[in-house]
Each structure stands twice: as C-alpha cells, then as structure tokens.
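Notes to accompany the following structure.
There are 2 protein chains.
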Amino acid sequence: MRSEMSKPEELVFGTTLSDHMLMIEWSKEKNWMDPRIIPRQDLNISPAASSLHYGIQCFEGMKAYRSIADDSIRLFRPDMNMKRLSSSMDRLQMPGFDFNHSQLIDCIENLVLLDQKWIPEGEGYSLYLRPTVIATHKFLGLAAPDSLLLFCITSPVGPYYKSGFAPIRLTTDTPYVRAWPGGTGAAKVGGNYASTMKPQAEAAAKGYSQVLWLFGDDESITEVGSMNVFFFLINKETSRPELVTAPLDRGDILPGVTRDSILQLTRSWGEFDVSERFPTMPEIAQAAKEGRLIEAFGAGTAAVVTPISCIEYQGNDIEIPATGKLTQRIWDEITGIQYGKIEGPEGWSIPIGDHQ
Amino acid sequence: MRSEMSKPEELVFGTTLSDHMLMIEWSKEKNWMDPRIIPRQDLNISPAASSLHYGIQCFEGMKAYRSIADDSIRLFRPDMNMKRLSSSMDRLQMPGFDFNHSQLIDCIENLVLLDQKWIPEGEGYSLYLRPTVIATHKFLGLAAPDSLLLFCITSPVGPYYKSGFAPIRLTTDTPYVRAWPGGTGAAKVGGNYASTMKPQAEAAAKGYSQVLWLFGDDESITEVGSMNVFFFLINKETSRPELVTAPLDRGDILPGVTRDSILQLTRSWGEFDVSERFPTMPEIAQAAKEGRLIEAFGAGTAAVVTPISCIEYQGNDIEIPATGKLTQRIWDEITGIQYGKIEGPEGWSIPIGDHQ
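In order, the protein sequence lines correspond to chains A and B. Just so we're aligned, residue 1 is where the first sequence starts under full-length UniProt numbering, counting upward by one. Just so we're aligned, residue 1 is where the second sequence starts under full-length UniProt numbering, counting upward by one.
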C-alpha cells in the first residue's frame, strides 16, 4: 500500500508527491470547467503559455492533519487560503478569481480523502497541499489570459523540527528588497519568490539562515525569508510587554494564515499588548541592548513558528534568547488545534466534510 | 509550403508560431546538455516544477530580419540579448548563467535557418525569437533549481504600425509601482510582467494605452508599459536641446537593446545633448507648459519606437506633439540598419553565420 512511500521519518519537505492531483480548467468561453481528479502526471503546457514567460501564476500552501483526538482528517482555516488565492489571482488580473471558495475546498477535500493513505500518522506529520493557478494562454503578447489551469498536488511532510526547535540566524545586511507598496508583496505569486533566491544564497554564504527584510529609510521590519515575523518586547513608551508584527495596510506584507491565527489567539488571552505596526531595526537593536527584547520568531504554514536567535544588523550580530515561553506556547496552541487536541475558535480546525 | 501560415498582412503579434523549437537542458550532474531542434510541441513539465510556483523563469525578445539589400537573414545585436539573459539568470540564482553566448547564438541561428520560410518578406516583417529559461526542478521547497530548460520558440510578426505611427496615450495616475531598487526591474524575468497586468487593465479602462511608471517622492520617470522611455526637450538650465532617458545604475530599469542603440546613435550624431538621468514628472509637465517639450517616445524590440501623444498626470492630460522629426529619424535609422539598408556600427546587423 505504501509502495512508493518513504518511511515517514525520512520525509524531506516538498520532494515526495502523492498519487493524485486535482485539475480544473478555466477558459473565456466555458468559464470554470468540471473538476477532475487524475493520477498525478506531468502537465502538457504550450511553450508559449504566459505562465512560463510573464509569471502569471499564484499558489497556496495548506496542510491536512490526522487528528490525534479522533479519526478525522482536518484542514486548518481553509477559507483563509481560498480568500488569499482569489486575491492573488485578482492582483495578477487573472479571470475566474471570483471562484466559489466552498466548492474548491470540497474538491481539495476529495483529493485528500482519495490519497489519505499518504497522510502519515503522528503529531508533526501532515499532507502539504499546494493549490496552484497558472495561465495556459498561448500568446507571446502581454494580456489577461484567456485560459487558466488550477491544479492541486499534495506532498506528505514530516515534523519541521526533529528534536526541539531549531532557531534561525538572520541577516538584514542585504542590498535587496523583497516587496514595496504598489508591488505584489501582499499576494502569493511566483515573482515574489524568484527574486529572493539570490539574497538567500548570499545570506547562506555568510552563515545566516535567512534574510530579515527591511524596507525604507526607517528600516521597518517586514518579513523573514518567506515567513511573517513577530517580536515580543517591553515597549519603551509604555513599559508594557508587547507582541509586534507588521501591518497589512501598506500592501507589502503577505497576509499569513499563521500570522492571523497568532494575532487572534494572543489577543484572546488579553495578557499583553498585541500590535500590528512596523517594528524598526533601530528599535529592535535598542530593545536588545537594553534587555527589553524577549523573543522573536517567524510564522508560516510550513514551520508554524521558528525562533530567531540572532540578527545581523550593520555588521554586528544581535543575539536573542532562543525559544522563549511565548514561542513555545503559541506552538503548543496552534499545533494542538491543528491536530484536534485543543478546541480552537470556531471554523479553525475542520474535519473534512464539515466545512460550510 | 505555407500551409499553416497566415497571410503576412493578417499576422497578429505572438499568436502564430513556427514549426520548430530549440531545446537545451541543464542539470546539476550534466551541466548544459546537447542542444536539440525539434518540432514545436507542448512541454511536459512536472506540476511541482519551480518555474510554475516560484516564478523561476526569464526570457529574451529578439528578431530575425530578411535583408532588403541582399539575400541575408539578419539578427540585431544578439550579443546584447545573450548578455542580458545571462544577467537575468544570475539575478534569479539560476545555475548555468555563465553559458557560452556565441554557442547559444549559433543554436538560435540554426533554428532560424531551419524555419526561414516563416520569415515574411518585406520591410516591417520579421521572425520574433523568444529564448526562455525555466526551472524544471521538481521540488516544493524554495531552492536554487537543480534542473533547467532553455527553449526558443519563434513567431512571424508583421509591421507594428500598419499605416504610419500610432501614438499612445499614457497615464501616470496609478497606485502601482513597477520596480524598486533592490528588486528585479533590471532583469527580464516573469514576475516583472505579471504585476503590470492589473495596472495596465485599469489604465485601459480609463482610456489610456499604457502606464507611464513613476518612482519615488520626486516622481522620477522610469519606463512606459514594458518599454524604455525617452524625452526630447529644451533643457531649462542649459537652454539646449536634450534627449533624456532613465539611467541603469539604480537597478530598476531594464537595459533595453533599443534603448542602448538609440543612445549610441544619437550620441554619434553630436547634434544635441544626450543624457542618462531621471526626468521627473514635474519637470516634464513644466517643459510641456513652457513649450520646451519637443517629443516623447517609448523604445523596445517589438515597436522600435512608439510616439507618445498624451500623459495623464494628477488628473490632467498633458498633450505632446505627436511623432516629431527625431522619433521618425531614429525609426528610419534603426530599421534601416536592421533590414540591411544602412550600414550601422560594427556588429549591429549580423547576417546569420557571421557572428563572432
């Protein structure tokens, strides 16, 4: 039954794919066509398809989890992924962006059910889901595509952390900029990622895991690698503890599902201030110097949270106490909800078949 | 012989493709493999290929011309396209970016020779060449690709202007920004184009052909649509005529082959000042008001030059005398060189088989 499968403990993120894939085509004449689930196979794409030339492509990252508490397979806030996929398509002027979110969740659920043997058992394991929309329009001019393909492939993944958290070391010292107001930083589109490969390689060559992206003359902190980023510190003005992450209204921050979940959860606790505002690098450096920086972590679907242990800034390393209590608590809460051990807010952890 | 071909006068840019394509694969183990010219066909691409998810793709636009003066088929400055393709690949951290430029020109020439019946005769007609490099790496993680495909397809195109120049009307009133220093604006990569589809559609809905892209608080003028842009004006400081286009050193301007050719040509004439500096919208608005703005035009491979007749700025239309003498002269010179009627600078118009 698991003939092609790796042993779960040997899984490497994004390399093993399950047996089937979802395919839904859109054309100007026929609009969205009937969804098909077919054996996973290579795509036949015209060499003139505008997804290959003009980056007309967007995607989502989601996971299906085997509940620890019962027999269910669960998705985590899939409505958020549908909303973002629609918004990414709209940003790229893709027609069909107003698809029915609930119907697409149904299709994805059917795919997961068919390939459910590919979801390894045990906490930390999941089936990574990758809904993707590409332009298939055969046209070398630059135009809104007259045909699209929405497909979803899935990939079993193991625990992000094999033996406790693995804190990451970051650098801010890069000449590159990830995103800007008026660009595509708030959409999950291919172009945002291609541009980060070289900065990432240069950071790695200096011994840092990721780039911590700054923007503008005030060096506001936007994201880390391809995650959102949070700082937990004692605010200089208020002398109160504050959890800070970048706001969405400037349009250069990806509206992460994990980001939103952390904001909602920590606000519901009511134990400290929770702010959506841009922390600046001078502010963080000063907080670290004055002992007011408590924790820092990245947040995203793949890792949930990733503690940050060091930030290079203007040639100096700012060391941060690794993996504090807050990072651990957020991890416990969110993974607890994802695996059905903890009852989360309504609609967060949805057994397949139960979504609205 | 022309069974599948449209009548030359009915050609629509980018829709008709010739019979063959060039394919060259790269892998980590084998480096660049032997080039193959095969019948044009759909590509088989893994649904996990990183070109479809992370925008790891770049391309070039070139043309092959039938000489008016002799029997030769000519390319225009293909070395510039090779240099830019290499630099785009490097920006995306694509391995193999240090390919042999001359060998790739040879391969492209062989493709053009095989499909030479697809090059329509007559001035204004050409075979558009689209060398493209995509990542074929099957991996859902974000990493430098371990496999690439370089392919080239070709498409016969007719005259850009059917009956004299067709001046374009532009708007600067858009919330979008094309490129940013530290981004990918200087590379010919997919992500730069996908992001302009929505701004373009919004401009069209207001009755303008293209967006004139501004950048920064000083509203410096960077590009128009997907072309470079030139202004010919009487400089306020010097009272001398000056041809101005944006400089490359900020890293947000595509180094266009036509742009470079116009700079070299007009400098060789020695008749007016030629400047690579950022014109600003307030400067252009003032020049127009004071009668000092003589001409404005876009520059690119598809159109060579495109006169600009109007620029919307802060809700008002600035009208510009359409198609002046300079635009026409540059058109005559460059197309004259491309079609072998005029002897251009050494290495510009190269009969196939003659490049170094």
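Just so it is clear, CB atoms sit at the ideal spot from N, CA and C, and this is done for glycine as well. Since we're looking at a predicted model, the values are computed, not measured.
Counting only runs of 3+ residues, the beta strand (DSSP E) found wholly inside the region 176–257 of chain A occupies 210–215, 220–224, 227–234 and 241–245, in chain order.
Under the three-state reduction of DSSP, Pro35 (chain B) is assigned to coil, being neither helix nor strand. Close CB contacts of Leu52 (chain B) within its chain, under the 8 Å cut and outside five residues either way in sequence, are with Ile45 (chain order). According to the DSSP assignment, Gly300 (chain B) belongs to the beta strand (DSSP E) that extends over Leu293 to Gly300. According to the DSSP assignment, Val112 (chain A) belongs to no beta strand (DSSP E) but to the alpha helix (DSSP H) extending over His101 to Leu114. Taking CB atoms only, Val304 (chain B) has no neighbour in chain A less than 8 Å away.
The continuous beta strand (DSSP E) containing Leu149 (chain A) extends over residues Ser147 to Val157. In the structure shown, Ala69 (chain B) falls within a coil segment according to DSSP collapsed to helix, strand and coil. Pairing Pro255 (chain B) with Glu276 (chain B) gives a Cβ-Cβ distance that is not under 8 Å.
The beta carbon of Ser209 (chain A) sits closer than 6 Å to those of Ile168 and Arg169, all from its chain and outside the five residues before and after it, given in chain order. Within the region 179–206 of chain B, the residues whose Cβ lies closer than 8 Å to any Cβ of chain A are, in chain order, Trp180, Pro181, Gly182, Gly183, Thr184, Val189, Gly190, Gly191, Asn192, Tyr193, Ala194, Ser195, Thr196, Met197, Lys198, Gln200 and Ala201. Per the DSSP secondary-structure output, Phe59 (chain A) pairs in a beta bridge with A:Thr132.
Burial of Gly340 (chain A) is indicated by the presence of at least 16 other C-beta atoms within 10 angstroms of its C-beta. With the rule of 3 Cβ pairs closer than 8 Å, the region 186–198 of chain A does not count as touching the region 260–267 of chain A. Taking the Cα positions, Arg36 (chain B) is about 34 Å away from Leu92 (chain A).
Using beta-carbon distances, Tyr128 (chain A) counts as an interface residue toward chain B, with a partner under 8 Å. Taking a contact to require three or more Cβ pairs closer than 8 Å, the region 97–106 of chain B and the region 219–229 of chain B do not qualify as touching. In the DSSP annotation of this structure, the continuous segment of the alpha helix (DSSP H) that includes Leu85 (chain B) starts and ends at Pro78 to Arg91. Pairing Thr154 (chain B) with Ser18 (chain B) gives a Cβ-Cβ distance under 8 Å. The residue from A:Val257, A:Val304, A:Glu333 and A:Ile234 with its alpha-carbon nearest to that of Gln286 (chain A) is A:Ile234. Residues of the region 26–56 of chain B that bring their beta carbon within less than 9 Å of a beta carbon in chain A comprise Arg40, Gln41, Asp42, Leu43, Asn44, Ile45, Ser46, Pro47, Ala48, Ala49, Ser50, Ser51, Leu52, His53, Tyr54, Gly55 and Ile56, in sequence order. The contact set of Ser226 (chain B) on chain A, defined by CB atoms closer than 8 Å, consists of Leu142 in chain order. Straight across, the Cα-Cα distance linking Glu223 (chain B) with Val244 (chain A) is about 37 Å. Cβ proximity to chain B below 8 Å picks out nothing from the region 104–126 of chain A. A distance below 6 Å between beta-carbons, with the five flanking residues on each side excluded, links Gln200 (chain B) to no residue of its chain.
Per the C-alpha coordinates, the member of A:Lys198, A:Lys188 and A:Val189 positioned closest to Thr174 (chain A) is A:Lys198.
Asp79 (chain A) places its beta carbon less than 8 Å from that of Gly347 (chain A). Nearest CB-CB separation between Thr132 (chain A) and chain B: below the 8 Å threshold. Between Ile108 (chain B) and Leu11 (chain B), the C-beta spacing is not below 8 Å. Looking at the DSSP output, Leu22 (chain B) shares a beta bridge with B:Ile37 and B:Cys152. Pro351 (chain A) is bridged by DSSP to A:Arg74. Setting aside the 5 residues that flank it on each side, Ser72 (chain B) is surrounded in the same chain by Pro351, each with a C-beta closer than 6 Å to its C-beta; the list follows chain order.
Within chain B, the C-beta atoms nearer than 8 Å to that of Leu92 (chain A) come from Ala194, Ser195, Met197 and Lys198, in chain order.
In the DSSP annotation of this structure, the continuous segment of the alpha helix (DSSP H) that includes Arg329 (chain B) starts and ends at Lys325 to Gln338. C-alpha of Gly270 (chain B) to C-alpha of Ala135 (chain B): approximately 45 Å in a straight line. The beta-bridge partner set that DSSP reports for Pro307 (chain A) consists of A:Phe297.
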